[in-house]
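S.K.: Using our numbering, you'd call the opening residue of the sequence shown number 223 and step up by one each time. Idealized CB from N, CA, C, for every residue including glycine. Bear in mind that the values here come from a model prediction, so they are computed numbers and not experimental data.
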Amino acid sequence: MTGIPFSTPHPLRRPNQYMNLDKVLKNKTEPFPPLIGYPPILLQIQTSDFRRTMHEDERGHWSELGSIYPDDRHFVVTSQTATIAQFRHLDYGMEHCNLVVKVPMPSDFLDPALQIVNPSTIDVWLLDYTDELTPYTIWKNAPRRKELFATLTLSVEGEATSSEFRCPSGSFSTFEFACSGSYNKPCFVDFWQSKEAPYGG
Numbered sequence: 223m224t225g226i227p228f229s230t231p232h233p234l235r236r237p238n239q240y241m242n243l244d245k246v247l248k249n250k251t252e253p254f255p256p257l258i259g260y261p262p263i264l265l266q267i268q269t270s271d272f273r274r275t276m277h278e279d280e281r282g283h284w285s286e287l288g289s290i291y292p293d294d295r296h297f298v299v300t301s302q303t304a305t306i307a308q309f310r311h312l313d314y315g316m317e318h319c320n321l322v323v324k325v326p327m328p329s330d331f332l333d334p335a336l337q338i339v340n341p342s343t344i345d346v347w348l349l350d351y352t353d354e355l356t357p358y359t360i361w362k363n364a365p366r367r368k369e370l371f372a373t374l375t376l377s378v379e380g381e382a383t384s385s386e387f388r389c390p391s392g393s394f395s396t397f398e399f400a401c402s403g404s405y406n407k408p409c410f411v412d413f414w415q416s417k418e419a420p421y422g423g
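#1: Which two residues bound the contiguous beta strand (DSSP E) that contains D433?
#2: Would you kindly check if the distance between the Cβ of Q308 and the Cβ of T383 is under 8 Å?
#3: List, from N- to C-terminal side, the beta strand (DSSP E) runs of 3 residues or more that fit wholly inside the stretch 320–348.
#4: Please look up how many angstroms separate the CB atoms of W347 and A400, rounded, as I've assumed it's under 8 Å.
#5: When you compare each of S393, S404, T356 to H277 by their alpha carbons, which one comes out closest?
#6: Check whether the stretch 401–412 touches the stretch 335–342, taking contact to mean three or more Cβ pairs, one atom from each stretch, closer than 8 Å.
#7: Please determine, among K417, V411, S416, E418, the residue with the shortest C-alpha to C-alpha distance to T305.
#8: From this set, I290, D293, S391, G380, which residue's C-alpha is nearest V322's C-alpha?
#9: Roughly how many angstroms lie between the CA atoms of T275 and Q415, to the nearest whole one?
#10: In the DSSP assignment, the beta strand (DSSP E) including W284 goes from what residue to what residue?
#11: Relative to the alpha-carbon of I393, which residue among P292, S289, T269, E354 has its alpha-carbon at the smallest distance?
#12: Please tell me whether Y351 and P365 are closer than 8 Å, where the distance is taken between their beta carbons.
#13: In whole angstroms, what separates the C-alpha of D294 from that of I267?
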């Protein structure tokens, strides 16, 4: 029997769940309130690693029932570590987006284990990758940077918001959050996030 070399195929595209809906709603102009979308994937890379190898931090702990792995996501941006985040744009007609980062504070729902140099300035890079990152594919190297998307100042006092960008339904936006080497400003943000907690916590 001849062995077949292993290769990782590109992820299959998700089917369009809104097929022909544009024809039904072409004369509709009713506005909708904004929606909040959380990144299902947050991955880390070491800034000194020229291969940009991605890994996922986890927050597992032991209990009487065994090991528990909550669905918390780690956001960390320091001089040693950058974070890769991918957003899936789901909703039809909601195709104008802003990237919003709000530092979570401790609450009854979440202990974010927050560490921050307040305020911290970070760069947000749009990555050259439009396929889906999922736990079912092999994470290897982070995609290359395409363009500087925004520079945000994070603090415990409020939220940081980017300019509006196009986010067509069914598409993915992949960003890298990193400290900038072009200016001498504080940059250290480290917290855990859960989409089950109220916004901002």
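M.R.: Taking the definition as stated:
#1: This structure gives no information on residue 433, because the portion of the chain shown stretches from 223 to 423.
#2: For the purposes of this step, residue 383 is taken as the residue at position 161 of the sequence shown. For the purposes of this step, residue 308 is taken as the residue at position 86 of the sequence shown. In this structure, Q308 does not lie closer than 8 Å to T383 by Cβ.
#3: 322–324
#4: Start at 1 with the first residue of the sequence shown, and residue 347 comes out as number 125. Start at 1 with the first residue of the sequence shown, and residue 400 comes out as number 178. With a Cβ gap of about 7 Å, W347 and A400 count as contacting.
#5: For this step, residue 277 is matched to residue 55 along the sequence shown. Of S393, S404, T356, the residue nearest in Cα terms is T356.
#6: yes
#7: Within the sequence shown, the letter at position 83 stands for residue 305. Answer by Cα proximity: V411.
#8: Working through the sequence shown from its first residue, we reach residue 322 at position 100. Taking only the C-alpha atoms, the option nearest V322 is G380.
#9: To locate residue 275, count along the sequence shown from 1; it is residue 53. To locate residue 415, count along the sequence shown from 1; it is residue 193. T275 and Q415: Cα-Cα distance of roughly 22 Å.
#10: On the sequence shown, position 62 is the one that residue 284 refers to. Residues 283–285.
#11: Sequence index remark: in the sequence shown, residue 393 carries index 171 (1-based). Per the sequence shown, residue 393 should be read as Ser rather than Ile. Selected option, being the one with the closest Cα: E354.
#12: Translated into positions along the sequence shown, residue 351 becomes position 129. Translated into positions along the sequence shown, residue 365 becomes position 143. The answer is yes: Cβ separation under 8 Å.
#13: Position 72 of the sequence shown, counted from the start, is the residue given in the question as residue 294. Position 45 of the sequence shown, counted from the start, is the residue given in the question as residue 267. The straight-line gap from Cα to Cα measures roughly 18 Å.
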